[in-house]
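Going by my numbering, the first residue of the sequence shown is number 23, and it counts up by one from there. Heads up, the beta-carbon is just placed ideally off N, CA and C, and yes, glycines get one too. Heads up: the structure comes next, in structure tokens.
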Amino acid sequence: MPSAGIAPRRVVQLTALLAMLVFFATQLVGAVLPNVPLFIAASACGLALDLFLQHKQPGLLSLLGKIRLDVTVRQLFRDMLIMVGLLRIEGINPLHEQAPLTVGLLLFYLVHFACQAAAILVRRTRQLPFVTRNIDASALRLSDAPPRLFARQHGRRLLRLAAPATAGLLVTAATKNAVWGGVGLTIALLIGIGGTAHLASWMLPRKRVANEATALRWLDQWLADYQPTVGMYFSGGNSSAYQANMWLSTLAALDGKPIIVLRERFMVQKVEATDVPIVCLPKVAHLMRLEHSTLKVLLHPANSGKTSQVLRIPSIKHAFINHGESDKLSSCNPYAKAYDEVWVAGPAARERYQLADIGVEDKDVVEVGRPQLAPIRPYAGVPTGELTTVLYAPTWEGWDGNPGNTSVILAGENIVRELLADPKVRLLYKPHPMTGSVDPRAGRANERIKAMIAEANTKRGGDRPGAAAAAELARCADELNRLTSASFRPSADESERMKLQGAPDGDRAAAVAAATAAWESAFWASLPVWEHQIITGPRPAIFTCFNQADVLISDVSSVVSDYLTSEKPYAVANTSGMTEEEFRAGFPTVRAATILTPEAVGVTGLLEAVRDPEKDTLARARAELKVHLLGPSDPPSLVRFDQATQDLCRKADERRARMATRLTDEIPSQREARDAAEEMELESGSAEPEETAAV
Numbered sequence: 023m024p025s026a027g028i029a030p031r032r033v034v035q036l037t038a039l040l041a042m043l044v045f046f047a048t049q050l051v052g053a054v055l056p057n058v059p060l061f062i063a064a065s066a067c068g069l070a071l072d073l074f075l076q077h078k079q080p081g082l083l084s085l086l087g088k089i090r091l092d093v094t095v096r097q098l099f100r101d102m103l104i105m106v107g108l109l110r111i112e113g114i115n116p117l118h119e120q121a122p123l124t125v126g127l128l129l130f131y132l133v134h135f136a137c138q139a140a141a142i143l144v145r146r147t148r149q150l151p152f153v154t155r156n157i158d159a160s161a162l163r164l165s166d167a168p169p170r171l172f173a174r175q176h177g178r179r180l181l182r183l184a185a186p187a188t189a190g191l192l193v194t195a196a197t198k199n200a201v202w203g204g205v206g207l208t209i210a211l212l213i214g215i216g217g218t219a220h221l222a223s224w225m226l227p228r229k230r231v232a233n234e235a236t237a238l239r240w241l242d243q244w245l246a247d248y249q250p251t252v253g254m255y256f257s258g259g260n261s262s263a264y265q266a267n268m269w270l271s272t273l274a275a276l277d278g279k280p281i282i283v284l285r286e287r288f289m290v291q292k293v294e295a296t297d298v299p300i301v302c303l304p305k306v307a308h309l310m311r312l313e314h315s316t317l318k319v320l321l322h323p324a325n326s327g328k329t330s331q332v333l334r335i336p337s338i339k340h341a342f343i344n345h346g347e348s349d350k351l352s353s354c355n356p357y358a359k360a361y362d363e364v365w366v367a368g369p370a371a372r373e374r375y376q377l378a379d380i381g382v383e384d385k386d387v388v389e390v391g392r393p394q395l396a397p398i399r400p401y402a403g404v405p406t407g408e409l410t411t412v413l414y415a416p417t418w419e420g421w422d423g424n425p426g427n428t429s430v431i432l433a434g435e436n437i438v439r440e441l442l443a444d445p446k447v448r449l450l451y452k453p454h455p456m457t458g459s460v461d462p463r464a465g466r467a468n469e470r471i472k473a474m475i476a477e478a479n480t481k482r483g484g485d486r487p488g489a490a491a492a493a494e495l496a497r498c499a500d501e502l503n504r505l506t507s508a509s510f511r512p513s514a515d516e517s518e519r520m521k522l523q524g525a526p527d528g529d530r531a532a533a534v535a536a537a538t539a540a541w542e543s544a545f546w547a548s549l550p551v552w553e554h555q556i557i558t559g560p561r562p563a564i565f566t567c568f569n570q571a572d573v574l575i576s577d578v579s580s581v582v583s584d585y586l587t588s589e590k591p592y593a594v595a596n597t598s599g600m601t602e603e604e605f606r607a608g609f610p611t612v613r614a615a616t617i618l619t620p621e622a623v624g625v626t627g628l629l630e631a632v633r634d635p636e637k638d639t640l641a642r643a644r645a646e647l648k649v650h651l652l653g654p655s656d657p658p659s660l661v662r663f664d665q666a667t668q669d670l671c672r673k674a675d676e677r678r679a680r681m682a683t684r685l686t687d688e689i690p691s692q693r694e695a696r697d698a699a700e701e702m703e704l705e706s707g708s709a710e711p712e713e714t715a716a717v
């Protein structure tokens with residue numbers, strides 16, 4: 023099914039590329055013959071197709087750039103064929119009529135390249151060595167960005183400016199009157215010159231942002247004034263921002279001065295709404311400036327290649343907090359021993375590290391619970407409604423190709439088929455956002471599951487919430503978007519976004535939390551209670567799906583550990599190839615779960631246990647496993663997490679004090695050694711004249 027959906031798109035893309043080549047060939051034939059109607063039609067259609075693809079399929083045109091057939095080459099070739107056509111058409115004087123047009127066309131390209139040079143210079147002068155958010159950076163003389171057509175979209179700029187020039191030249195070909203070509207070229211030149219001059223004005227002092235040296239001095243001063251104590255360090259790809267976002271509320275609630283340190287510029291806008299100051303430092307040399315700040319602790323929710331760079335700073339203590347705990351090997355990565363401490367939820371993770379024997383010492387493991395789990399509501403008994411809500415939230419396929427990582431490939435369709443066959447089940451399907459990113463089979467299975475759910479909904483029916491519910495959802499969405507989404511002009515660049523995303527006004531975090539809760543309530547109220555749902559976006563979050571569900575079906579992942587805080591029934595799919603006994607022994611998180619086979623055997627029994635408390639034989643096991651995985655409920659997790667932060671800050675202070683004492687002790691000894699050396703040198707120098715005299 024998915025392959026059939028992908029193929030037509032590729033056919034369309036290949037057809038578009040083939041059409042472009044056909045237009046070039048036809049334009050050449052029309053110019054050489056010459057055949058004026060064919061020549062004009064091919065020239066106009068070629069430019070129109072290029073303009074269309076620039077807007078709709080820029081990625082497709084990037085493939086042409088890889089074979090050196092980029093937009094400049096294509097337009098040059100197109101214009102060259104137009105000039106050949108004009109030369110071949112009778113009635114157009116090559117010397118008196120076409121020569122000025124040729125000169126005008128050359129001037130047009132000269133202006134284009136001048137504009138491109140100005141765009142490069144402006145972009146370089148506007149790119150600061152860092153990016154900030156939630157910080158007042160007005161002292162850096164931030165200004166609005168220039169129009170993106172001239173500053174960043176050189177392909178679209180060339181084609182748009184070429185449109186009047188091409189139109190004028192083609193009218194000349196049709197009428198044999200060179201005036202039209204001159205008019206078109208004049209319009210293109212005036213727009214190009216005006217746009218280039220306007221763009222160049224951003225290099226004037228009144229629009230120019232601070233240079234690198236000034237910006238770095240400002241950053242040092244801001245760090246000295248703000249005096250951060252604890253921060254979160256994050257580096258990752260486009261789809262990994264969720265790993266940091268899950269810790270935002272915890273970081274904001276800590277005592278001290280929190281900060282978020284990023285490494286990729288695009289990640290600044292991937293971080294969700296927060297009042298915590300954000301600083302992105304792409305270069306290692308600039309990252310090292312943190313060593314001279316008051317920052318004491320950095321928390322790491324994920325490992326990355328750039329993590330080793332910040333670990334070089336000895337004055338900062340580093341704690342690995344992970345973005346989720348599971349029984350997978352990835353939760354016990356040997357990289358963890360590079361950190362000063364490893365913070366885990368409960369005793370199970372401590373045992374996991376010791377069994378893994380990867381070099382993490384037990385004294386460096388700190389149990390802090392999972393502060394983010396506070397919004398998850400506890401088990402309230404069997405479902406009271408007519409339907410049983412089942413949340414199927416499989417994880418992704420991982421990097422190692424282990425078939426036990428995700429149930430989507432081997433068991434997903436069977437599980438969903440069994441659930442959809444029960445008329446008293448309402449299914450919520452929330453796949454991992456990275457599903458299919460490594461193994462295409464997972465992506466195809468995911469699409470088939472979505473198709474099954476959509477088809478099942480066509481066979482159901484019932485009352486739907488009225489227009490008032492949809493209106494309330496729209497209102498709540500608008501309010502939440504207003505608080506969490508920054509509104510930027512299409513032309514906005516990093517400097518302009520820094521200007522707009524300065525220090526937040528008031529307690530925005532509390533307003534966002536209230537707006538999020540209101541939106542989630544309105545979201546569920548807007549859906550028919552009988553309809554299956556496919557949830558793929560960041561909203562609603564997984565925790566609010568937990569609260570809607572009566573039972574969870576998942577894989578060996580952190581989703582299971584987090585869900586256990588509710589003590590509701592859950593099931594885990596065993597696609598590892600192990601027996602059930604081996605599976606339970608190898609993965610502690612499944613000890614209180616119903617185990618499902620790849621054929622979905624066990625789904626019926628799971629639903630019976632959810633609906634009938636007498637058949638729920640795992641309730642006590644879930645309560646015990648919850649404590650084993652997540653630690654005690656008292657003191658609350660946030661309190662324990664904050665205490666661990668303060669303890670690590672004290673260790674950082676103690677190290678700095680030792681280093682200061684050592685430096686103080688070394689200075690006198692160094693001074694004494696220097697004085698002794700000078701004294702010996704003087705004695706040696708005074709002896710030389712005597713010896714010389716004696717000789």
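Same chain, Cβ closer than 7 Å to D354, neighbours up to 5 away in sequence not counted
As a first step, residue 354 is located in the sequence shown; it is residue number 332 there, counting from the start. What sits at residue 354 in the sequence shown is Cys, not Asp. So the list reads R374, Y375, A378 and I380, once near-sequence residues are dropped.
Environment of K637 [buried if 16+ CB atoms lie within 10 Å]:
Taking the first residue of the sequence shown as position 1, residue 637 is located at position 615. Classification of K637: exposed, given that the 10 Å Cβ count is below 16.
Looking at the unbroken beta strand (DSSP E) that takes in K339, where does it start and where does it end?
In the sequence shown, residue 339 corresponds to position 317, counting from 1. Element bounds for K339: K339 to F342.
Applying the 10 Å Cβ sphere with the 16-neighbour rule, what's the burial state of A614?
Position 592 of the sequence shown, counting from 1, holds the residue named residue 614. With 16 or more other Cβ atoms within 10 Å, it is buried.
Can you list, in chain order, the residues of its chain with a C-beta nearer than 7 Å to that of V58? Leave out the 5 residues immediately preceding and following it.
Locating residue 58 in the sequence shown gives position 36, where the first residue counts as 1. Answer for V58: I111, A195 and A196, listed in chain order.
Measure the Cβ-Cβ separation of R618 and A595 and say whether it is below 9 Å.
On the sequence shown, position 596 is the one that residue 618 refers to. On the sequence shown, position 573 is the one that residue 595 refers to. In the sequence as displayed, the identity of residue 618 is Leu instead of Arg. Cβ distance < 9 Å, so L618 and A595 count as in contact.
Unbroken stretches of the beta strand (DSSP E), 3 residues or longer, contained in the region 160-239:
none
Report, in whole angstroms, the separation of the C-beta atoms of A544 and E494, which I expect to be a contact under 8 Å.
The count along the sequence shown starts at 1 and reaches residue 544 at position 522. The count along the sequence shown starts at 1 and reaches residue 494 at position 472. Indeed they touch by this definition, with Cβ atoms about 5 Å apart.
DSSP on M254, reduced to helix/strand/coil?
Residue mapping note: residue 254 aligns to position 232 of the sequence shown, counting from 1. Of the three classes helix, strand and coil, the one that applies to M254 here is strand, per DSSP.
Quick one: does S257 have its CB under 9 Å from some CB of chain D?
The structure shown contains no chain D; it holds only a single protein chain.
If you draw a straight line from the C-alpha of A371 to the C-alpha of L333, how long is it?
Along the sequence shown, one-based indexing puts residue 371 at 349. Along the sequence shown, one-based indexing puts residue 333 at 311. Cα to Cα, A371 sits roughly 23 Å from L333.
What span of residues does the alpha helix (DSSP H) with H77 cover, start to end?
Here the question's residue 77 lines up with position 55 in the sequence shown. Unbroken alpha helix (DSSP H) run through H77: V58 to K78.
Identify whether R155 lies in helix, strand or coil by the three-state DSSP scheme.
On the sequence shown, residue 155 is found 133 positions in, with the first residue counted as 1. In the structure shown, R155 sits in a strand (DSSP, three-state: E or B).
From V301 to H340, what does the alpha carbon distance come to, in whole angstroms?
The sequence position of residue 301 within the sequence shown is 279, counting from 1. The sequence position of residue 340 within the sequence shown is 318, counting from 1. Going by the C-alpha atoms only, they are around 18 Å apart.
What did DSSP end up calling S576 once you bin it into helix, strand or coil?
Indexing the sequence shown from 1 puts residue 576 at position 554. It is a strand residue.
Could you tell me the distance, in whole angstroms, from the CA atom of T316 to the CA atom of S655?
Counted from its first residue, the sequence shown places residue 316 at position 294. Counted from its first residue, the sequence shown places residue 655 at position 633. The alpha-carbon atoms of T316 and S655 are separated by roughly 33 Å.
Taking all protein chains shown into account, do 16 or more other C-beta atoms lie within 10 angstroms of the C-beta of N156, making it buried, or fewer, making it exposed?
In the sequence shown, counting from the first residue as 1, residue 156 sits at position 134. Result: buried.
Identify, in the order they occur along the chain, each residue of the same chain with its Cβ nearer than 6 Å to the Cβ of P280, setting aside the five sequence neighbours on each side.
Within the sequence shown, numbered from 1, the residue matching residue 280 stands at position 258. Counting only Cβ-Cβ distances below 6 Å, and skipping sequence neighbours, we find V252, L273 and V298.
Roughly how far, in whole angstroms, is the beta-carbon of G113 from the beta-carbon of A53, given that I think they are within contact range, below 8 Å?
For the purposes of this step, residue 113 is identified with residue 91 of the sequence shown, where counting begins at 1. For the purposes of this step, residue 53 is identified with residue 31 of the sequence shown, where counting begins at 1. The Cβ separation is near 15 Å, so there is no contact.
If the criterion is Cβ atoms closer than 9 Å, does the pair A210 and A184 meet it?
On the sequence shown, position 188 is the one that residue 210 refers to. On the sequence shown, position 162 is the one that residue 184 refers to. Yes. Within cutoff.
CA-CA distance, L586 and K648?
Within the sequence shown, the letter at position 564 stands for residue 586. Within the sequence shown, the letter at position 626 stands for residue 648. Going from the Cα of L586 to the Cα of K648 covers about 6 Å.
In chain order, what residues of the same chain have a beta carbon less than 7 Å from the beta carbon of V387, not counting five sequence neighbours either side?
Within the sequence shown, residue 387 is the residue found at index 365, counting from 1. Counting only Cβ-Cβ distances below 7 Å, and skipping sequence neighbours, we find V364, V366, R372 and Y375.
Nearest CA to the CA of S326: which residue from T480, V319 and A360?
As a working note, residue 326 is residue 304 in the sequence shown. It is A360.
Three-state secondary structure assigned by DSSP to E389:
Against the sequence shown, residue 389 aligns to sequence position 367. The answer is strand: DSSP assigns E389 an E or B state.
Quick one: Cα of R170 to Cα of A70, how far?
Taking the first residue of the sequence shown as 1, we reach residue 170 at position 148. Taking the first residue of the sequence shown as 1, we reach residue 70 at position 48. The alpha-carbon atoms of R170 and A70 are separated by roughly 21 Å.
Sequence-distant residues of its chain with Cβ nearer than 7 Å to L309 (five each side left out):
Start at 1 with the first residue of the sequence shown, and residue 309 comes out as number 287. For L309, where only same-chain residues beyond five positions count, the Cβ hits under 7 Å are L303, Q331 and V332.
How would you write the range of the beta strand (DSSP E) that L450 sits in, first residue to last?
Counting from one through the sequence shown, the residue named residue 450 turns up at place 428. Per DSSP, L450 belongs to the beta strand (DSSP E) from V447 to Y451.
If you draw a straight line from the alpha carbon of N267 to that of E294, how long is it in whole angstroms?
The sequence position of residue 267 within the sequence shown is 245, counting from 1. The sequence position of residue 294 within the sequence shown is 272, counting from 1. The alpha-carbon atoms of N267 and E294 are separated by roughly 6 Å.
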